[in-house]
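Protein chains in written order, with my numbering: chain A, 1 to 80; chain B, 81 to 106.
Laid out in structure tokens, this is it:
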């Protein structure tokens, strides 16, 4: 699979951008947290596309955001 | 009420249009 570039994403429509990024992001999130990968990926997709692209290229940033999203998700579930 | 489920966040499933996209492009 070719790396997703900023220009590829910029050429896509807004709703396509998130889908393109999501397809790349999901396998990475799955490796970190397989059980909640669907929810965490959905949360991360609410982040700006430009920041998501940086996360795709930076495992450390991605890992940090996944942990952050996980904490928010758990807090949200605790309130339910 | 019964049968309530967590609707947030919109889950992403590979190959399936992401539900959260409804908020971006209605």
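Using N, Cα and C, we set each Cβ at its ideal position, and we do this for glycine too.
All figures in this text were calculated on a predicted structure; none of them were measured in a lab.
Beta-carbon proximity check, residue i vs residue j, cutoff 8 Å
i, j, result
"residue 61 of chain A", "residue 55 of chain A", "yes"
"residue 81 of chain A", "residue 53 of chain A", "Since the first residue of chain A shown is 1 and the last is 80, residue 81 of chain A is not available in this structure."
"residue 44 of chain A", "residue 73 of chain A", "no"
Per-residue burial, residue i [other beta carbons within 10 Å of its own, 16 or more giving buried]
i, result
"residue 91 of chain B", "buried"
"residue 95 of chain B", "exposed"
"residue 1 of chain A", "exposed"
"residue 19 of chain A", "buried"
"residue 13 of chain A", "exposed"
8 Å contact criterion, which residue i and residue j should meet: CB distance rounded
i, j, result
"residue 88 of chain B", "residue 76 of chain A", "7 Å"
Proximal residues of chain B, C-beta to C-beta of residue i below 8 Å
i, result
"residue 19 of chain A", "97, 98 and 101"
Contact the region 64-74 of chain A vs the region 30-37 of chain A: 3+ CB pairs below 8 Å: yes
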